[in-house]
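Residue numbers (the working numbering): 192 to 432.
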């Protein structure tokens with residue numbers, strides 16, 4: 192009996208040393224693969240080049256033309272165009288042909304809060320116009336290779352502009368989707384889809400981290416379209432689901 196116990200112990204040592212494992216050790220629970228994003232936003236994302244971030248050397252805001260130029264030539268600058276587009280209950284400065292917005296109410300997409308806007312010193316900053324693709328981010332991902340007129344359109348294109356909560360916009364800075372997303376999770380699919388649309392329109396690229404972050408967001412909203420753009424001429428891009 193004593194000899195049998197010794198033989199059993201020796202066999203266990205040999206099995207362990209030879210790399211054999213118990214069934215429990217070999218078993219790995221099955222996990223469903225992550226859902227692949229679908230829709231035109233996902234398709235357009237996959238068509239974007241993936242590259243590293245170029246140096247910021249040479250970047251300046253005026254590389255994208257004067258702020259709030261009237262690039263769509265409707266007689267009103269882009270800041271006021273976007274305020275009027277994104278707010279409700281607007282009032283306008285008399286004599287400006289309903290151009291200069293004095294007051295309005297913004298349903299802020301970034302925070303899901305409601306903001307009362309009043310034009311004036313110390314109050315206008317409550318609502319800011321965000322470049323959805325930040326201009327310095329665009330500069331480092333292909334825009335420095337664009338001509339001056341195209342950069343001016345990019346800097347003032349309504350496709351790339353949203354009226355949003357001022358302090359939240361300040362916190363975003365020049366972050367891309369890998370480093371900043373709107374606190375309002377319900378808006379994130381629309382947000383990254385708009386970034387994809389802008390980058391496709393102007394021939395910009397994404398970093399691998401940015402691509403993966405956007406893809407992860409879009410996986411949660413199957414069929415997500417990119418926003419329809421019929422405002423400022425640019426590179427052809429797809430739209431719709």
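Ideal Cβ positions, reconstructed from N, Cα and C, are used throughout, including at glycine.
Please read these numbers as outputs of a predicted model, since none were measured by experiment.
At the level of alpha carbons, what is the spacing between residue i and residue j?
{"i": "residue 237", "j": "residue 346", "result": "24 angstroms"}
{"i": "residue 284", "j": "residue 277", "result": "17 angstroms"}
{"i": "residue 268", "j": "residue 315", "result": "16 angstroms"}
{"i": "residue 337", "j": "residue 385", "result": "20 angstroms"}
{"i": "residue 294", "j": "residue 301", "result": "20 angstroms"}
{"i": "residue 304", "j": "residue 379", "result": "15 angstroms"}
{"i": "residue 381", "j": "residue 308", "result": "23 angstroms"}
{"i": "residue 264", "j": "residue 253", "result": "20 angstroms"}
{"i": "residue 356", "j": "residue 318", "result": "5 angstroms"}
{"i": "residue 360", "j": "residue 322", "result": "9 angstroms"}
{"i": "residue 343", "j": "residue 286", "result": "28 angstroms"}
{"i": "residue 222", "j": "residue 260", "result": "Its pLDDT being 42, under 50, residue 222 is placed unreliably by the model, and the measurement read from it follows with that caveat. So the alpha carbons of these two residues sit roughly 52 angstroms apart."}
{"i": "residue 296", "j": "residue 230", "result": "32 angstroms"}
{"i": "residue 400", "j": "residue 330", "result": "17 angstroms"}
{"i": "residue 412", "j": "residue 377", "result": "10 angstroms"}
What residue range is occupied by the uninterrupted beta strand (DSSP E) comprising residue i?
{"i": "residue 280", "result": "278 to 283"}
{"i": "residue 322", "result": "318 to 322"}
Would residue i and residue j qualify as a contact pair, given that the criterion is a beta-carbon distance under 8 angstroms?
{"i": "residue 306", "j": "residue 270", "result": "no"}
{"i": "residue 243", "j": "residue 370", "result": "no"}
{"i": "residue 387", "j": "residue 232", "result": "yes"}
{"i": "residue 249", "j": "residue 335", "result": "yes"}
{"i": "residue 390", "j": "residue 327", "result": "no"}
{"i": "residue 262", "j": "residue 274", "result": "no"}
{"i": "residue 368", "j": "residue 417", "result": "no"}
{"i": "residue 288", "j": "residue 266", "result": "yes"}
Return the first residue and the last residue of the alpha helix (DSSP H) that residue i is part of.
{"i": "residue 227", "result": "That residue, residue 227, is in no alpha helix (DSSP H); it is neither H nor E in DSSP."}
{"i": "residue 382", "result": "379 to 392"}
{"i": "residue 237", "result": "231 to 238"}
{"i": "residue 328", "result": "326 to 330"}
Give me whichever residues DSSP pairs with residue i in a beta bridge.
{"i": "residue 296", "result": "279, 307"}
{"i": "residue 397", "result": "241"}
**Report entry** Sequence ranges, beta strand (DSSP E) only - wholly within the stretch 332 to 369, length at least 3
**Finding:** Within the stretch 332 to 369, the complete beta strand (DSSP E) runs of at least 3 residues are 352 to 356.
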